[in-house]
Amino acid sequence: MTLASPLSSPLSKTQALVIDGNATSRSLMTAQLRELGVGHVRQATRVRDARVILETQPYDIVLCDYYFDGSELSGQDLLDELRREQLLPYATVFVMVTGEASYAKVAEAAEAALDAYLVKPYTSAALADRLANARHRKLELKAIFDAIDARDFDRAADLCLERFQQKATYWLYAARIGAELLLRLERHAEARELYEAIIAARTVPWARLGVARTEVASGNLSAARRTLETLIGDMPDQADSYDLMGRVQMEQGEIDAALATYRTAATLTPGCLLRQQHCGTLAFYAGQRDEALKMLERSLAQGLRSKLFDWHSLALLALMRFDAKDGKGLKYAADALAQGIERAPRDVRLQRFDVLLQGLRLLMERRLADALQLARDFARAPRTRPSTWKPPAC
């Protein structure tokens, strides 16, 4: 017996998340969803809170405002980050709500990753229509999503290719999913062929970026660089292109150029946690410590509770605070790490960072013998079962 898809179930069995910084607008969207029969509606006032919520629990419907007053993060930044890190299920319907001022950006994004968008002011009937259309498209592509959920990525990719070749309903939407799957499967030639066919049928920026990704994946860095230079020239505000260009520059040994590129990407999307960390980390290794400290401290403040936060950033922060003889800053880093260990007590990587921070604090307190003993104990611990090793109390 097969279970019914949530997409074919009545709205009374669905869960929705409303993300909006304006209390009046948030209440209105919540009321509209409830009038349409949505069973459970949760609210979030900030993008960073919504990101943590969506990382830990899937929702059937997400209704998100584009602009958040006083925040560097937009609804589009949230969607881009969740899609890029594969934290948003394909079956989730993501609807962006926008004002006239940001309409052009949202309409352009809708070609790639959005399920629907609404321009304020809108009616409950318009919301119902958008939800119905998006849910219908998801249901049409259910076989693809089911294969992905079963981790049968080859079958999912083949289903996408079949729909694209037949120009069946929602073929462009399926083509994007299929091309990403082909890249993941290292079927680079097929991925490039699909991206180029999409461009020939309908020129879209994400397809041109996809060509560059296949060129990088297949080791053709020079071709990827030419593709990216053209794309960045045509669309200088597309941050994803800078991400990939920075990777190409790193592969070609151009550290300073890569840092400048990552800096541009972080500037374009100042609320993007991953880009802040990439830029801060590269700045650290390039010797730009002031910039590294600023970017990584910002990442820590914004993203400590997020799955997208890389604890390596905290380790680099601890090293810089130690160099600056900042005992309070080093303790703050240790306290932040303790929160991570409390959530994941058997995480080997966190345990090793904990040893590093304990060692730095012992050195700052001039307890050299204790620091040396800590290092010796850690060095003697078996590497095959590091999760069983516990550092001595300091």
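Just so you know, we're using my numbering here: the sequence shown kicks off at 232 and counts up by one. Backbone N, C-alpha and C fix where the C-beta goes; we use that ideal spot for every residue, glycine too.
If you look at residue 507, you'll find it isn't in any beta strand (DSSP E); it sits in the alpha helix (DSSP H) that goes 504 to 516. Annotation for residue 446: 454, 455 and 458 place their beta carbon closer than 7 Å to its own, counting only its chain and skipping 5 residues before and after. Between residue 408 and residue 372, the C-beta spacing is below 9 Å. According to DSSP, residue 325 shares a beta bridge with 293. A residue is called buried when at least 16 other Cβ atoms come within 10 angstroms of its Cβ; residue 530 meets this threshold and is buried. By the Cβ-count criterion, residue 556 is exposed, with fewer than 16 other Cβ atoms from all chains shown falling within 10 Å of its own Cβ. Nearest C-alpha to residue 347 among 362, 355, 356 and 353: 362. By the Cβ neighbour-count rule, residue 483 is exposed, with fewer than 16 other Cβ atoms within 10 Å of its own. No residue range can be given for residue 598, since it is assigned to no alpha helix (DSSP H) and is classified by DSSP as neither H nor E. A Cβ-Cβ separation of about 4 Å places residue 534 in contact with residue 504 under the 8 Å criterion. Non-local beta-carbon contacts of residue 590 in its own chain, meaning distances under 8 Å to residues more than five positions away in sequence, involve 602, 605 and 606 in chain order. One Cα belongs to residue 480, the other to residue 491, and the distance between them is close to 10 Å. Under the DSSP assignment, residue 349 falls in the beta strand (DSSP E) whose first and last residues are 347 to 350. Here residue 379 is near residue 412, since their CB atoms are less than 9 Å apart. Taking 9 Å as the cut-off, the Cβ atoms of residue 280 and residue 251 do not count as close.
Taking the CA atoms as reference points, residue 553 sits about 47 Å from residue 255. The three-state secondary structure of residue 454, taken from DSSP, is helix. C-alpha of residue 304 to C-alpha of residue 472: approximately 19 Å in a straight line.
In this structure, residue 358 sits away from residue 388, with a CB-CB distance that is not shorter than 9 Å.
Contiguous alpha helix (DSSP H) elements confined to the segment 504 to 583 occur at 504 to 516, 520 to 534, 542 to 554 and 558 to 574, taking only those with 4 or more residues. Residue 438 and residue 586 have their C-alpha atoms roughly 45 Å apart. Put simply, the backbone Cα of residue 327 is about 10 Å away from that of residue 249. When the five nearest sequence neighbours on each side are left out, the beta carbons in the same chain lying within less than 7 Å of the beta carbon of residue 520 are those of 551, in order along the chain. Distance from residue 290 to residue 323 at the Cβ level is roughly 6 Å; contact confirmed, criterion being Cβ atoms closer than 8 Å. Approximately 5 Å separates the beta-carbon atoms of residue 410 and residue 425; this is inside 8 Å, confirming the contact. Residue 249 is bridged by DSSP to 274 and 294. Unbroken alpha helix (DSSP H) runs of no fewer than 4 residues, entirely contained in the segment 375 to 400, are found at 384 to 396, following chain order. Per DSSP, reduced to three states, the secondary structure at residue 436 is helical. When C-alpha distances from residue 574 are compared across 537, 320 and 469, the shortest belongs to 537.
Nearest to residue 502 by C-alpha distance, out of 546, 539, 467 and 247, is 539. Residue 592 sits in a helix when the DSSP states are folded into three classes. For residue 423, the number of other beta carbons within 10 angstroms of its own is at least 16, and it is reported as buried.
In its chain, beyond the 5 residues on either side, no residue has a beta carbon closer than 6 Å to the beta carbon of residue 543.
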